[in-house]
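Encoded as structure tokens, the structure appears first; notes follow it.
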Amino acid sequence: MKMPELDLPEGIETRFGETPQQVAHQLASTVADFLRMRLESAPRASLAVSGGSTPLPFFQALSHKELDWERVDILLVDERWVEEADDASNTRLVKGTLLQNNAAAARYFSLKQKGDTPEDGLAAANAELVKLTRPLDVLILGMGNDGHTASLFPDAPELAHGMSLESRETLAAMTPPSQVHQRITLTYAFMHRARFVALHLKGNDKLDTLKKALSEPGRTFAMPVRGFLKPGLQVFWSP
């Protein structure tokens, strides 16, 4: 298969593969290597992951990697404001796939707390993250066809707050009208400090979205993923 060509800014690397499984294993090996390196010089390391269907083979591959998982903090970059038993819960997904096998020993931080809305649970969610290892060591992002990443949706009324580099907040509530569920998300100010950032994509539609995002880099609010298209990013993609 001929790999697609992208007009990427200098400093962004691509890891393209022929199948989702191949790319998932590449990403899992890269993440495990980076966490292992961090644990050689730090007491703990942190990993923030995205939900959805794309990361499933990545989660399964990573869960088998050999490293000192007891010293690894894991959290989601965002979460739908639903109970864990709900099929839409990404916490349920992570616990059933990533926090298995060797990775079952990791320390998990849940963004979903008590409260009818993300605003109601924001204080409790921030309290949950008090012991999180900061800044993030590894950040794995996905991307929607509207250019959102995490729960930084273009139509969310809270987007300016969530994208502000001046913000000292770790979390933000998001209520995008385009989505069925309200959300809680890590802020851009918090995520952009991560030591290693990867964008994990699957499908030609996501490749087209990425090309569109790259074509107008200055319009960040129109496609929030543009905030991460900078030197140091690694893009992992499969058809």
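Position 2, counted from 1, in the sequence shown is what my numbering calls 590; the numbers after and before it change by one each time, with no gaps.
Glycine is no exception: its CB is placed at the ideal position from the N, C-alpha and C atoms.
- With a beta-carbon spacing of about 6 Å, A801 and L817 fall inside the 8 Å limit used to define contacts.
- T705 sits away from A738, with the two beta carbons spaced by 8 Å or more.
- Rounded to the nearest angstrom, the Cβ distance from A616 to L664 is 17 Å, too far for a contact under 8 Å.
- By the CB criterion at 8 Å, S826 and Q648 fall outside the cutoff.
- The Cβ neighbour count for N678, taken over all protein chains shown within 10 Å, is at least 16; the residue is labelled buried.
- Membership of V611 in the alpha helix (DSSP H) is indicated by the continuous run 608-627.
- The beta carbon of H780 is closer than 8 Å to those of L753, G815, F816 in its chain, skipping five residues each way along the sequence.
- One alpha carbon belongs to K794, the other to M811, and they sit about 13 Å apart.
- Within the segment 756-790, complete alpha helix (DSSP H) segments of at least 4 residues are found at 776-779, given in chain order.
- Here K700 is buried, its C-beta having at least 16 other C-beta atoms within 10 Å.
- Where R680 is concerned, the enclosing alpha helix (DSSP H) starts and stops at 678-685.
- Taken in chain order, the whole beta strand (DSSP E) runs of length 3 or more contained in the segment 670-730 are 695-697, 726-729.
- Within its own chain, the residues whose Cβ lies closer than 7 Å to the Cβ of L681, once the five positions on either side in sequence are excluded, are G639, listed in chain order.
- Membership of L747 in the alpha helix (DSSP H) is indicated by the continuous run 747-751.
- Closest in alpha carbon position to D734, among D708, F604, P764, G605, is P764.
- Taking the CA atoms as reference points, H769 sits about 6 Å from W669.
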